[in-house]
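Working notes for the structure below.
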Amino acid sequence: MSADREGVSESDRPVTARAREEAGTATRFGLVGLAATGVHLGVAALLLFLWPQLNEFIANIIAFCVAFQVSLVGHRRLTFKRQGSAWRFGLVAAGGFALNNGLLALLMQGLDLSGFVAIAIATLSVPIVTYLASRLWAFKEDHA
Numbered sequence: 088m089s090a091d092r093e094g095v096s097e098s099d100r101p102v103t104a105r106a107r108e109e110a111g112t113a114t115r116f117g118l119v120g121l122a123a124t125g126v127h128l129g130v131a132a133l134l135l136f137l138w139p140q141l142n143e144f145i146a147n148i149i150a151f152c153v154a155f156q157v158s159l160v161g162h163r164r165l166t167f168k169r170q171g172s173a174w175r176f177g178l179v180a181a182g183g184f185a186l187n188n189g190l191l192a193l194l195m196q197g198l199d200l201s202g203f204v205a206i207a208i209a210t211l212s213v214p215i216v217t218y219l220a221s222r223l224w225a226f227k228e229d230h231a
């Protein structure tokens with residue numbers, strides 16, 4: 088059994104207090120995620136606008152790399168308010184990116200979508216998985 092900052096174990100805190108705290112963390116995750124997603128989509132849109140022949144996957148990789156920086160800093164400073172493990176978060180982000188690209192491939196092959204619409208659908212579909220992995224693994228609070 089682990090104790091929080093006040094010395095009260097997690098299981099002894101009222102459920103409503105834990106739920107309220109989790110809702111706050113999830114909300115902050117969503118806001119940071121929205122900012123990172125906006126950066127991702129903005130960079131992808133700009134790349135495809137400037138270079139219309141650019142492959143969607145190349146645009147998506149570049150956009151992901153830029154958005155990852157926003158996400159890591161935002162989750163460390165705002166969402167979880169702790170350093171967490173950069174390599175674990177990198178694995179979570181890479182897994183989310185792989186899922187994103189898998190969905191992108193399905194959309195482009197299966198539904199014959201292309202360009203920005205396909206990138207937007209794929210990018211907006213991954214956040215729940217990445218929240219759970221980030222919360223439960225990458226930014227898991229270590230107890231002594």
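Adding 87 to a residue's 1-based position in the sequence shown gives its number in this note's numbering.
In this text, a Cβ means the ideal position worked out from N, Cα and C, and glycines have one as well.
To the nearest angstrom, how far is it from the Cα of residue i to the Cα of residue j?
{"i": "S221", "j": "P139", "result": "34 Å"}
{"i": "I206", "j": "F151", "result": "11 Å"}
{"i": "I208", "j": "L165", "result": "26 Å"}
{"i": "V153", "j": "L133", "result": "13 Å"}
{"i": "T217", "j": "G202", "result": "24 Å"}
{"i": "D199", "j": "V119", "result": "31 Å"}
{"i": "S89", "j": "P101", "result": "Note that S89 scores 47 on pLDDT, short of 50, meaning its location in the model is unreliable; the coordinates nonetheless yield the value given after this. Cα to Cα, S89 sits roughly 15 Å from P101."}
{"i": "L121", "j": "L128", "result": "10 Å"}
Are residue i and residue j closer than 8 Å when you measure CB to CB?
{"i": "V160", "j": "N187", "result": "no"}
{"i": "V179", "j": "V157", "result": "no"}
{"i": "N147", "j": "L191", "result": "yes"}
{"i": "A225", "j": "R163", "result": "no"}
{"i": "T124", "j": "L211", "result": "yes"}
Nearest CA to the CA of residue i: which residue from the options?
{"i": "Q170", "options": "E228, R105, L141", "result": "E228"}
On the criterion of 16 or more Cβ atoms from any shown chain inside 10 Å, does residue i qualify as buried, or is it exposed?
{"i": "G177", "result": "exposed"}
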